[in-house]
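Asks:
Number of protein chains: 2
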Amino acid sequence: MTRPEVRIYEVGPRDGLQSEATLVSTDDKVRFITLLANAGLQEIEATSFVRADAIPQLADADQLLPRLERRPRVRYSVLVPNARGMERAVAAGADAICLFTAASEAYARANMNMSIDESLAAFEPVVAAARSSGMWIRAYVSTAFGCPYSGEVDEHAVVTLSERLLRLGADELSISDTVGVAAPVDVRRVVGALLAAGIDPQTLALHLHDTRGTALANVMAGMEVGVRCFDAAASGIGGSPYAPGAAGNLATEDLIYLLDREGVRTGVNLDGVLDAARFISEALGRPISSRVGRAGPWPA
Amino acid sequence: MTRPEVRIYEVGPRDGLQSEATLVSTDDKVRFITLLANAGLQEIEATSFVRADAIPQLADADQLLPRLERRPRVRYSVLVPNARGMERAVAAGADAICLFTAASEAYARANMNMSIDESLAAFEPVVAAARSSGMWIRAYVSTAFGCPYSGEVDEHAVVTLSERLLRLGADELSISDTVGVAAPVDVRRVVGALLAAGIDPQTLALHLHDTRGTALANVMAGMEVGVRCFDAAASGIGGSPYAPGAAGNLATEDLIYLLDREGVRTGVNLDGVLDAARFISEALGRPISSRVGRAGPWPA
Chain Z
1038 MTRPEVRIYE VGPRDGLQSE ATLVSTDDKV RFITLLANAG LQEIEATSFV
1088 RADAIPQLAD ADQLLPRLER RPRVRYSVLV PNARGMERAV AAGADAICLF
1138 TAASEAYARA NMNMSIDESL AAFEPVVAAA RSSGMWIRAY VSTAFGCPYS
1188 GEVDEHAVVT LSERLLRLGA DELSISDTVG VAAPVDVRRV VGALLAAGID
1238 PQTLALHLHD TRGTALANVM AGMEVGVRCF DAAASGIGGS PYAPGAAGNL
1288 ATEDLIYLLD REGVRTGVNL DGVLDAARFI SEALGRPISS RVGRAGPWPA
Chain R
1038 MTRPEVRIYE VGPRDGLQSE ATLVSTDDKV RFITLLANAG LQEIEATSFV
1088 RADAIPQLAD ADQLLPRLER RPRVRYSVLV PNARGMERAV AAGADAICLF
1138 TAASEAYARA NMNMSIDESL AAFEPVVAAA RSSGMWIRAY VSTAFGCPYS
1188 GEVDEHAVVT LSERLLRLGA DELSISDTVG VAAPVDVRRV VGALLAAGID
1238 PQTLALHLHD TRGTALANVM AGMEVGVRCF DAAASGIGGS PYAPGAAGNL
1288 ATEDLIYLLD REGVRTGVNL DGVLDAARFI SEALGRPISS RVGRAGPWPA
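Protein chains in written order, with the working numbering: chain Z, 1038 to 1337; chain R, 1038 to 1337.
#1: Using a Cβ-Cβ cut-off of less than 8 angstroms, give me the residues of the segment 1163-1190 of chain Z that come near chain R, in sequence order.
#2: Excluding the five sequence neighbours on either side, which residues of its own chain have a C-beta within less than 7 angstroms of the C-beta of residue 1108 of chain Z, listed in chain order?
#3: Please check if any C-beta of chain R sits within less than 8 angstroms of the C-beta of residue 1291 of chain Z.
#4: Where residue 1071 of chain Z and residue 1085 of chain Z are concerned, what is the direct C-alpha to C-alpha distance, given to the nearest angstrom?
#5: Should residue 1201 of chain Z and residue 1157 of chain Z be called a contact, given that it needs their Cβ atoms to be closer than 8 angstroms?
#6: Unbroken beta strand (DSSP E) runs of length 3 or more, entirely within the segment 1056-1104 of chain Z: which are they?
#7: Does DSSP classify residue 1164 of chain Z as helix, strand or coil?
#8: Let me know the beta strand (DSSP E) ranges lying completely inside the segment 1162-1213 of chain Z, each 3 residues or longer, listed in chain order.
#9: Name, in chain order, the residues that DSSP records as bridge partners for residue 1138 of chain R.
#10: Please report the distance separating the alpha-carbon of residue 1363 of chain R from that of residue 1235 of chain R.
#11: Please return the same chain residues whose Cβ sits closer than 6 angstroms to the Cβ of residue 1226 of chain Z, not counting the five positions on each side in sequence.
#12: Let me confirm a value: residue 1189 of chain R is counted as buried when at least 16 other C-beta atoms fall within 10 Å, else exposed. Which label applies?
#13: Assign residue 1237 of chain R to one of three DSSP states: helix, strand, or coil.
#14: So for residue 1045 of chain Z, helix, strand or coil by DSSP?
#15: Would you kindly work out how many angstroms separate the C-alpha atoms of residue 1068 of chain Z and residue 1060 of chain Z, rounded to a whole number?
#16: How would you list, in chain order, the residues of chain R whose beta-carbon sits under 7 angstroms from the beta-carbon of residue 1222 of chain Z?
#17: One question on the structure: do residue 1140 of chain R and residue 1194 of chain R come within less than 8 angstroms of each other, judged by their Cβ atoms?
#18: Let's test the definition: count the other Cβ atoms within 10 Å of the Cβ of residue 1106 of chain R and tell me whether it reaches 16, buried, or not, exposed.
#19: Run through DSSP, which three-state label would residue 1327 of chain Z get?
#20: My output table needs one value for residue 1114 of chain R: the three-state DSSP class, helix, strand or coil.
#21: Can a CB atom of chain Z be found closer than 8 angstroms to the CB of residue 1323 of chain R?
#22: Could you name the residues of chain Z that residue 1257 of chain R contacts, counting a contact when the two beta carbons are closer than 7 angstroms?
#23: Check the C-beta distance from residue 1103 of chain R over to residue 1130 of chain R and give it rounded, since I have them as a contact under 8 angstroms.
#24: With distances taken between CB atoms, is the gap from residue 1114 of chain R to residue 1080 of chain R smaller than 8 angstroms?
#25: For a cutoff of 8 angstroms on Cβ pairs, would you count residue 1109 of chain R as touching chain Z?
#26: Would you give the residue range spanned by the alpha helix (DSSP H) that residue 1312 of chain Z belongs to?
#27: Is residue 1294 of chain Z close to chain R, meaning its C-beta is less than 8 angstroms from at least one C-beta of that chain?
#28: Under 8 angstroms between C-beta atoms, does residue 1217 of chain R make it to chain Z?
#29: Of all Cβ atoms in chain R, is any one closer than 8 angstroms to the Cβ of residue 1041 of chain Z?
#30: Would you kindly work out how many angstroms separate the C-alpha atoms of residue 1182 of chain Z and residue 1334 of chain R, rounded to a whole number?
#31: Can you round the beta-carbon distance between residue 1269 of chain R and residue 1289 of chain R to whole angstroms, since I take them to be within the 8 angstroms contact cut?
#32: Are the CB atoms of residue 1052 of chain R and residue 1273 of chain R nearer to each other than 8 angstroms?
#33: Answer yes if the segment 1290-1299 of chain Z comes into contact with the segment 1243-1260 of chain R, meaning at least three C-beta pairs across the two stretches below 8 angstroms, and no otherwise.
#34: So is residue 1251 of chain R in contact with chain Z if we call contact Cβ pairs under 8 angstroms?
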């Protein structure tokens, strides 16, 4: 198989589902993730080990993860908020972990009830445990392009936080447009500042929400400045439950349609993604919300 | 006033409304167009002088046009299919006319019941009359990026048709992604072929549908290759009634959000466009369908 030029990091089962009100059964989650892997997705964020009462949709994390079919090239990552979550993630057999913090102090406090500093302190035992288990570590730099509470976010705040996360031990940073406000000029500004600070573009991913229709324009800008990993959620499910006005994640099928048409190899099959997208939309009891899901691929 | 760097050509009242099933009253159309002009839009395609039974939504063209408030910098254009339509357009006081044909023979036959050659022959008396009235002439090159009946469209067909339309007397060509399939690579391919043939980029506009989420990425690519005019419809209304699976036009508010954020001057006020978009959505009895219309501008 030819090596993909761009990595697609699927966030539907975690970031997508966590903000959906309709509860999805563990069986349906297993099926959804199986369909995603069948489509060629090799990095799938499967669930979150937050407290069960914090996000009821993901309360079955301990049961879900052991049920996923292991495949040679597929990595299942999980969100881990603290040392207790890390114990559960290890017990359940996670391949990789994700940490979540924010470039905006106001968002950190509203979303995590912690300052940015406190969130980094809480990560230390998690990262130590992940390292000793040989796990890959990803960190979300949320609100990197704007905060629903404090407005514009300075790129230097993104750089400072990113440097701290890398020093802490993160292997990849997902620079996130949590409220979906970025335009290409913002991608160049923020990613440009990260590169100017000496951060390797191979450690960067972009996490885009299509709230204002700019996500694919931002993907193009991201590729131009050297980003080679993009987050997406099948069917465009989710959004941020804490970010007023935020629409869903960039839909995986919309991203794959663009990259296929651009001739960029991803190793992901569009029809396979559409199968997964249709399945999870049905499980959520609503029509598929992505553009390509509604219009169909082309040529048909 | 600083000169806009990019022209926004509003197609909501014609291309948008013509494929909407809910009939809008002439009063509401006048109000819609007034709100669009209030927002700073200077080029508004107001209606179409097709036969009244062909598009019932636009059957009031003769009554609508004389009711529009004339403003120094606002040009009202109208679609004209034939010599009879041209007589009506002149009588009603149109400032400019639009011709409509296709790069795909299959689409021309399905949509206009004419070959491409026959459509050009039908334009000749129309263009002659427009010239003698000093009217500006725009021509739509539809299905320039793909045809719902015959699939991919060769860029040489777009170039050949464009050259013929310019020789015929068109002042501007709107290169149209009727079914909304283009990616940035296609914009560069098709516009690149037009420029390579010696066509002045100042005579080109891009007419994009956001069917597969790529419209704003395509706008960015269009600007990169020198296009300085983009079509859009407030609230993203419309689509092509003849193109299966086609979603609405690129929403004017999504386009203005992107260009504002990019620092590109358009002379168009986003809040004003949102007023027009909300008004026409209410008149159509449905929620606003654009991304920015649903999420709101940013910062709020």
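By construction, the Cβ of each residue, glycine as well, lies at the ideal position given by its N, Cα and C atoms.
A quick note: this is a predicted structure, and the numbers were derived from the prediction, not measured.
Replies: According to the structure data:
#1: 1183, 1188 and 1189
#2: 1074
#3: yes
#4: 18 angstroms
#5: yes
#6: 1080-1085
#7: helix
#8: 1173-1179
#9: R:1178
#10: Nothing about residue 1363 of chain R can be reported from this structure: the residues present for chain R run from 1038 to 1337 only.
#11: 1192
#12: exposed
#13: coil
#14: strand
#15: 15 angstroms
#16: 1298, 1299 and 1300
#17: yes
#18: exposed
#19: coil
#20: strand
#21: no
#22: 1221, 1254 and 1257
#23: 6 angstroms
#24: yes
#25: no
#26: 1307-1320
#27: yes
#28: yes
#29: no
#30: 14 angstroms
#31: 4 angstroms
#32: no
#33: yes
#34: yes
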